[in-house]
Structures are given as C-alpha cells and as structure tokens.
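Residue numbers (the numbering used here): 111 to 367. Even glycine gets a Cβ: it sits at the ideal position worked out from N, Cα and C. These figures come from a predicted structure and were not determined experimentally. What follows is a single structure, written as structure tokens, with notes after it.
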Amino acid sequence: MLPSDLIKYKEKSKKIIALTAWDSISGSIAEQANVDIVLVGDSLAMVCLGYKSTLPLTLENVIYHTNAVSRGFKKRIEEQPLLISDMPFLTYQCGEDKAVEYAGKIIQSTYAKAVKVEGAEPEIQKVISRLIRMGIPVMGHLGLTPQSYLNQGLRKQGESLESEERIKREASILEKLGCFSIVLEHIPELLAKEIKKNLTIPIIGIGAGNYCDGQVRVTADLLGLNDEQPPFCQPIIEGKNLFQDKLIKWVASQRLN
Ligand code: KIV
111 MLPSDLIKYK EKSKKIIALT AWDSISGSIA EQANVDIVLV GDSLAMVCLG
161 YKSTLPLTLE NVIYHTNAVS RGFKKRIEEQ PLLISDMPFL TYQCGEDKAV
211 EYAGKIIQST YAKAVKVEGA EPEIQKVISR LIRMGIPVMG HLGLTPQSYL
261 NQGLRKQGES LESEERIKRE ASILEKLGCF SIVLEHIPEL LAKEIKKNLT
311 IPIIGIGAGN YCDGQVRVTA DLLGLNDEQP PFCQPIIEGK NLFQDKLIKW
361 VASQRLN
C-alpha cells in the first residue's frame with residue numbers, strides 16, 4: 111500500500127487501523143493482526159529503549175528499528191501494512207535541507223514509505239512542503255505533540271478556544287501543504303469530529319474519540335506492557351503482569367527440578 115491509497119479508505123468510510131512497532135516481534139504481531147499501517151513511532155524511545163521522553167531518539171535509532179520491524183513482516187509485499195517512520199527530534203527542526211537529507215535517509219535505507227512530523231509552526235510548514243515536493247510523503251501530527259512536552263507538557267490540547275482554533279487552522283494548512291493524513295493526539299472528540307468532517311485527507315486519532323477516520327495506538331500501551339499508561343489508552347490485556355507472573359512461576363518451577 112502507498113500513502114496515497116489511504117484516501118480511498120475515507121471515501122469508502124472504511125476505518126483505518128494503525129499500530130506502532132519497534133522490533134521484528136512487534137512488527138510481526140501488528141502485521142498478523144491485519145492493521146493497515148505500522149508506525150515506527152518515536153514512542154519507541156520509551157517503550158523499547160528505556161528513555162523518559164522521545165527527545166533522545168536519533169535518526170540512526172529510527173532507521174535501525176524500522177529495518178527490524180520490516181524484517182518481522184511475513185505477508186507478500188503487496189499485502190504488508192503501510193510502514194511509516196517518525197522523524198526524531200532535531201531531524202526536521204533545523205531547516206529544510208537537513209530535513210530532506212534525514213527523511214531521505216529513512217526512505218532510502220528502510221522500507222518506510224512515508225515519514226511523520228509533529229506540529230505545524232511556520233518553520234515546520236516549510237519543511238513539510240519541501241519534503242513532499244522532493245517525493246517524501248508526510249503524515250502530520252497535531253494536538254499533543256510529545257516532542258514539545260517541555261513547552262506544552264503532556265496535557266490534553268484543544269480545550270481552550272484559542273487552542274481549538276489553532277489546531278483547526280493547522281490541520282487545514284497541513285492538508286493544503288499535501289500531507290496524506292494527520293494524527294490527532296489527545297484532543298476533544300468533537301474537535302476531532304469537526305476536523306475530520308472539514309478535511310478530505312484521513313484523520314487518525316489517539317485519545318481523540320471515535321469519530322476519526324481511523325485509530326492509532328501504541329501497541330505496548332494496548333497490551334498493558336508499560337509501567338505507566340496514558341489516560342486515553344485502555345489496555346486490552348494486562349500484558350506485563352501476565353508475562354511476569356508466568357515467568358516468575360516458570361523460574362520457581364525450574365528451581366524445584
Ligand atoms: O510515537 C508514536 O508512537 C506516535 C503515536 C502516538 C501516534 O506518534
């Protein structure tokens with residue numbers, strides 16, 4: 111699947127489902143679950159590498175993990191999910207030339223077919239526009255943007271009139287710039303609904319209610335593998351407790367032998 115194929119989902123009102131992955135096992139599990147998109151999100155910094163935020167993640171980390179994820183895919187290439195990689199902090203904030211070089215490296219040395227970029231400040235708009243003109247499809251990301259947590263915290267966004275207007279304005283700018291889709295994170299459901307209605311590109315939500323054109327989740331959150339859970343993601347199993355329990359019992363049983 112190519113990024114431009116996603117628009118057909120919206121036209122047919124078919125929900126788009128995306129999961130994150132960070133290695134071959136999570137990539138394989140997500141693919142076998144029949145998702146449409148696998149995102150190598152920069153959340154891998156916390157989920158897999160033990161950092162406290164996404165900021166320390168490097169370009170090399172993203173390339174390394176994107177390749178690991180795609181090695182986990184088992185389906186025929188035409189049936190594999192669309193693979194998207196996050197642009198890490200500082201790979202697109204330092205100007206258009208650097209952004210093209212770094213996004214180009216991701217596209218050139220992995221099977222990712224697009225990159226995701228947070229925010230829509232005037233500098234970021236120029237970067238997005240240049241990336242797209244240079245042949246690199248871009249997914250936008252608005253609302254809670256974790257790479258800006260030092261400024262905005264990890265609070266829900268779009269709750270004041272000013273913040274709501276800003277997200278609406280930025281979403282429509284991202285569509286005009288040529289983004290093929292936008293992730294909306296941790297914003298009010300009705301705001302996401304309005305943006306989805308007003309835009310032709312698919313809106314993929316996380317903590318943005320049920321009206322979006324699709325949903326994305328951090329797989330480790332969904333499986334309850336992390337110590338801390340974001341308020342907007344209910345785990346479907348208590349994965350960490352489950353695995354820990356089984357392993358504790360197995361280790362104890364081995365000592366008895
Ligand atoms: O890094 C990530 O996992 C993400 C999702 C929350 C969309 O950006």
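In the structure shown, A128 adopts extended strand secondary structure according to DSSP, grouped into three states. For A224, the uninterrupted beta strand (DSSP E) segment begins and ends at A224 to E228. DSSP places H251 in the uninterrupted beta strand (DSSP E) bounded by V248 to G253. The criterion of a C-beta distance shorter than 8 Å is not satisfied by C289 and I216. Taking 7 Å as the cut-off, one finds no heavy atom of the ligand KIV near enough to the beta carbon of I238.
Secondary structure note for V293: it is in no alpha helix (DSSP H), and the uninterrupted beta strand (DSSP E) holding it is S291 to E295.
Assignment of G214 by DSSP, reduced to helix, strand and coil, places it in the helix class. DSSP links S195 through a beta bridge to V150 and V225. Under DSSP, no beta-bridge partner is assigned to Q364. Closer than 7 Å to some heavy atom of the ligand KIV: that does not describe the Cβ of D146. Per DSSP, I316 is one residue of the beta strand (DSSP E) stretching across I313 to I316. In the DSSP annotation of this structure, the continuous segment of the alpha helix (DSSP H) that includes R279 starts and ends at L271 to L287.
The beta-carbon separation of I292 and I313, rounded to 6 Å, stays under the 8 Å limit for a contact. Residue L159 holds the alpha-carbon nearest to the alpha-carbon of H175 among T310, K184, L159 and P340. Within 7 Å of the C-beta of D207 there is not a single heavy atom belonging to the ligand KIV. Counting along the chain, R243 sits inside the alpha helix (DSSP H) bounded by residues P232 to R243. Contact annotation: T168 and P198 have beta-carbon atoms nearer than 8 Å. In the structure shown, the three-state DSSP call for G334 is coil.
Looking at K124, S123 and V157, the one whose alpha-carbon comes closest to that of L335 is V157.
Here the alpha carbon of Q262 sits roughly 14 Å from the alpha carbon of I277.
Distances from the CB of T130 to the heavy atoms of the ligand KIV include at least one below 7 Å.
Taking 8 Å as the cut-off, the beta carbon of G137 is found no closer than this to the beta carbon of V145.
Scanning S163, I127, L271 and Q235 for the CA closest to the CA of L260 turns up S163. Secondary structure at Q325: strand, using DSSP grouped into helix, strand and coil. Using a Cβ distance threshold of 8 Å, G253 and Q235 do not count as a contacting pair. Across the set E211, A128, I283 and P341, the C-alpha of I283 shows the shortest separation from the C-alpha of P232. Excluding its 5 nearest sequence neighbours in each direction, K303 has C-beta neighbours in its own chain below 6 Å: Y321, listed in chain order.
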